[in-house]
Amino acid sequence: MALKQGENTLDGPVVAAFGGGHGLAASLRALRRVTSQITAIVTVADNGGSSGRLREEFSCLPPGDLRRALAALCADDRVGRTWAEVLQSRFGGQGELAGHAIGNLLIAGLWQELGDPVAGLDMVAELLGTRGRVLPMALVPLDISAEVIGLDPLRPDETYTLTGQATVAKTRAEVLTVRLEPADPPACPQAIEAIADADYLVLGPGSWFTSVMPHLLVPEIADAIIESPAHKILALNIAPTEETDGFSPARHLEVLAEHEPRIRFDTILADRNFASEDSHLASYARNLGAELVEADLAVRDGTARHDTLRLASAYAEIMGCAAH
3 MALKQGENTL
13 DGPVVAAFGG
23 GHGLAASLRA
33 LRRVTSQITA
43 IVTVADNGGS
53 SGRLREEFSC
63 LPPGDLRRAL
73 AALCADDRVG
83 RTWAEVLQSR
93 FGGQGELAGH
103 AIGNLLIAGL
113 WQELGDPVAG
123 LDMVAELLGT
133 RGRVLPMALV
143 PLDISAEVIG
153 LDPLRPDETY
163 TLTGQATVAK
173 TRAEVLTVRL
183 EPADPPACPQ
193 AIEAIADADY
203 LVLGPGSWFT
213 SVMPHLLVPE
223 IADAIIESPA
233 HKILALNIAP
243 TEETDGFSPA
253 RHLEVLAEHE
263 PRIRFDTILA
273 DRNFASEDSH
283 LASYARNLGA
293 ELVEADLAVR
303 DGTARHDTLR
313 LASAYAEIMG
323 CAAH
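The sequence shown maps to residues 3 to 326 in this note's numbering.
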């Protein structure tokens, strides 16, 4: 059963949520209104910014996406919100600490002291009183490589290889395929257990090639997802991100199936406006075994972000429970 930190009772369905960065954080903020039994299983391929610096200096997992997940699961009260702000805040100035997130240093310091990534994350979760548990998907830092086309406008048909999550996530070239290095990393055993125990598996939203798809490229994680009898939900983005610029909603599904042909879902959740752009989306969803559920999920300011309450309501309806 998924662990819940900082509370004495458990309620709601058992959920394992996959992703990284801002997309997973948005999903977790919504899910924590539906259930307290959440395990976030987070990508570990970030090589930019504070995470990249710590990863290079200490040969540790990049802590940034894990930190965002912990912040998203902090209690929605004064203490919880304060902790979330502290975790996310960064050092200023021009010195060696400039740009580092306070939460990244806390996590990396605990890893150095305890020698166990999971124990360190559990200790931070206990300190923060988070609703849920945060785990890395693999126990070694990963690198993402992508084959792209259209990188050089003078050679539009030439294929190039881009390496590094930070580079791939921001490319405007068309991504053809992605792969992980190492290709068969050791999965986090607790993550495999969480998948086996879950009632619901939620993949996405997030950067499609660098936060969502990597889970299907770790063989043990992919096998556990595919073999799980849990209800599988794929949450689409509000709009294409940089790395999927120009992709239709159906194309998002197509590239997942190209990289992991065995994958099937029960529900594909899409923002109504984004889904309306693609008359083929429902048939592509059926090809993956899924029912397409459309809902108004975007924030009202016009930006391509999920509204927490709307997303929570959609998850609650799919899971047959109440959002709080």
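For glycine and all other residues, C-beta sits at the position ideal for the given N, C-alpha and C.
For this session: Could you pull out every unbroken beta strand (DSSP E) segment of at least 3 residues lying fully inside the region 108-155, listed in chain order?
Result: 135-138 and 145-151
Exercise. In its own chain, which residues sit with a C-beta less than 6 Å from the C-beta of Ala-226, not counting the 5 before and 5 after it?
Worked result: For the purposes of this step, residue 226 is identified with residue 224 of the sequence shown, where counting begins at 1. Once the five neighbours on either side are set aside, the close Cβ partners of Ala-226 are Ile-194 and Ile-197.
Problem set entry | Residue burial classification, Phe-60 (beta-carbon count within 10 angstroms, cutoff 16) | Position 58 of the sequence shown, counting from 1, holds the residue named residue 60. Exposed.
Exercise. Which of helix, strand or coil does DSSP assign to Thr-2?
Worked result: There is no way to answer for residue 2, as the model of the chain reaches only from 3 to 326.
For this session: Report buried or exposed for Glu-279, applying the criterion of at least 16 other Cβ atoms within 10 angstroms of its Cβ.
Result: By one-based count along the sequence shown, residue 279 stands at place 277. Exposed: under 16 other Cβ atoms inside 10 Å.
Exercise. Hey, how far is the Cα of Gly-22 from the Cα of Gly-208?
Worked result: On the sequence shown, position 20 is the one that residue 22 refers to. On the sequence shown, position 206 is the one that residue 208 refers to. Rounded to whole angstroms, Gly-22 to Gly-208 spans 7 Å at the Cα level.
Problem set entry | Selected residue, minimal CA-CA separation from Trp-210, among Ile-240, Ala-18, Thr-161 and Glu-222 | For this step, residue 210 is matched to residue 208 along the sequence shown. Of the candidates Ile-240, Ala-18, Thr-161 and Glu-222, Ile-240 places its Cα closest to the Cα of Trp-210.
Exercise. What are the complete beta strand (DSSP E) segments, minimum 3 residues, inside the region 198-239?
Worked result: 202-205 and 233-237
Exercise. Less than 8 Å separating the beta-carbons of Pro-251 and Leu-238?
Worked result: The residue labelled residue 251 in the question sits at position 249 within the sequence shown. The residue labelled residue 238 in the question sits at position 236 within the sequence shown. In this structure, the beta-carbon distance from Pro-251 to Leu-238 falls below 8 Å.
Exercise. Given Gly-301, which residues of its chain have a CB within under 6 Å of its CB, disregarding the five upstream and five downstream residues?
Worked result: Translated into the one-based positions of the sequence shown, residue 301 becomes position 299. Reading off the sequence, residue 301 comes out as Val, not Gly. Around Val-301: Arg-307 and Asp-309.
For this session: List the DSSP bridge partners of Glu-176.
Result: Counting from one through the sequence shown, the residue named residue 176 turns up at place 174. Per DSSP, Ile-151.
For this session: Locate the alpha helix (DSSP H) running through Thr-246, then write down its first and last residues.
Result: The residue you call residue 246 lines up with position 244 of the sequence shown. Segment: none, Thr-246 is in no alpha helix (DSSP H) and carries neither H nor E.
Problem set entry | Asn-67 to Gly-105 span [Cα, whole Å] | Within the sequence shown, residue 67 is the residue found at index 65, counting from 1. Within the sequence shown, residue 105 is the residue found at index 103, counting from 1. Note on identity: in this sequence residue 67 is Asp, with Asn being the wrong assignment. Going by the C-alpha atoms only, they are around 11 Å apart.
For this session: State the DSSP-derived secondary structure class of Ala-325, mapped to helix, strand or coil.
Result: Here the question's residue 325 lines up with position 323 in the sequence shown. Correct three-state label for Ala-325: coil.
Exercise. Buried or exposed: which applies to Thr-305, given that a residue is buried once 16 or more other Cβ atoms fall within 10 Å of its Cβ?
Worked result: Reading the sequence shown from its first residue, position 303 is the one you call residue 305. With fewer than 16 other Cβ atoms within 10 Å, it is exposed.
Exercise. Would Leu-137 pass as a contact of Ala-148 if the rule is Cβ separation under 8 Å?
Worked result: Position 135 of the sequence shown holds residue 137. Position 146 of the sequence shown holds residue 148. Not a contact, by the Cβ cut-off of 8 Å.
For this session: Please confirm whether Met-139 and Ala-189 have their CB atoms less than 8 Å apart.
Result: Sequence index remark: in the sequence shown, residue 139 carries index 137 (1-based). Sequence index remark: in the sequence shown, residue 189 carries index 187 (1-based). Cβ distance < 8 Å, so Met-139 and Ala-189 count as in contact.
Problem set entry | CA-to-CA distance, Ala-127 to Ala-100, given in whole angstroms | Working through the sequence shown from its first residue, we reach residue 100 at position 98. Working through the sequence shown from its first residue, we reach residue 127 at position 125. When the Cα atoms are used, Ala-100 and Ala-127 turn out to be separated by approximately 25 Å.
Exercise. Which class does Asp-67 belong to by DSSP, given the choice of helix, strand or coil?
Worked result: Sequence index remark: in the sequence shown, residue 67 carries index 65 (1-based). Three-state DSSP puts Asp-67 in a helix.
For this session: In the DSSP assignment, find the unbroken beta strand (DSSP E) run with Arg-44 in it and report its ends.
Result: If you number the sequence shown from 1, residue 44 lands on position 42. For the record, residue 44 in the displayed sequence is Val; it is not Arg. It spans 40-44 - the beta strand (DSSP E) in which Val-44 sits, taken as one unbroken run.
Problem set entry | Straight-line Cα distance separating Ala-287 from Thr-173 | The residue you call residue 173 lines up with position 171 of the sequence shown. The residue you call residue 287 lines up with position 285 of the sequence shown. Their Cα atoms are separated by approximately 27 Å.
Exercise. Is Ile-270 helix, strand or coil when you go by DSSP?
Worked result: Along the sequence shown, read from residue 1 onward, the residue named residue 270 stands at position 268. If DSSP states are grouped into helix, strand and coil, Ile-270 belongs with the strands.
Exercise. Is the region 29-43 in contact with the region 85-94, if contact means three or more CB pairs nearer than 8 Å?
Worked result: no
Problem set entry | Start-to-end residues for the alpha helix (DSSP H) that takes in Leu-99 | Position 97 of the sequence shown, counting from 1, holds the residue named residue 99. Here Leu-99 belongs to no alpha helix (DSSP H), and DSSP marks it neither H nor E.
For this session: Give the single residue among Ala-77, Leu-299, Ser-230 and Ala-171 whose Cα lies nearest to the Cα of Val-214.
Result: Here residue 214 corresponds to residue number 212 of the sequence shown, with the count starting at 1. Selected option, being the one with the closest Cα: Ala-171.
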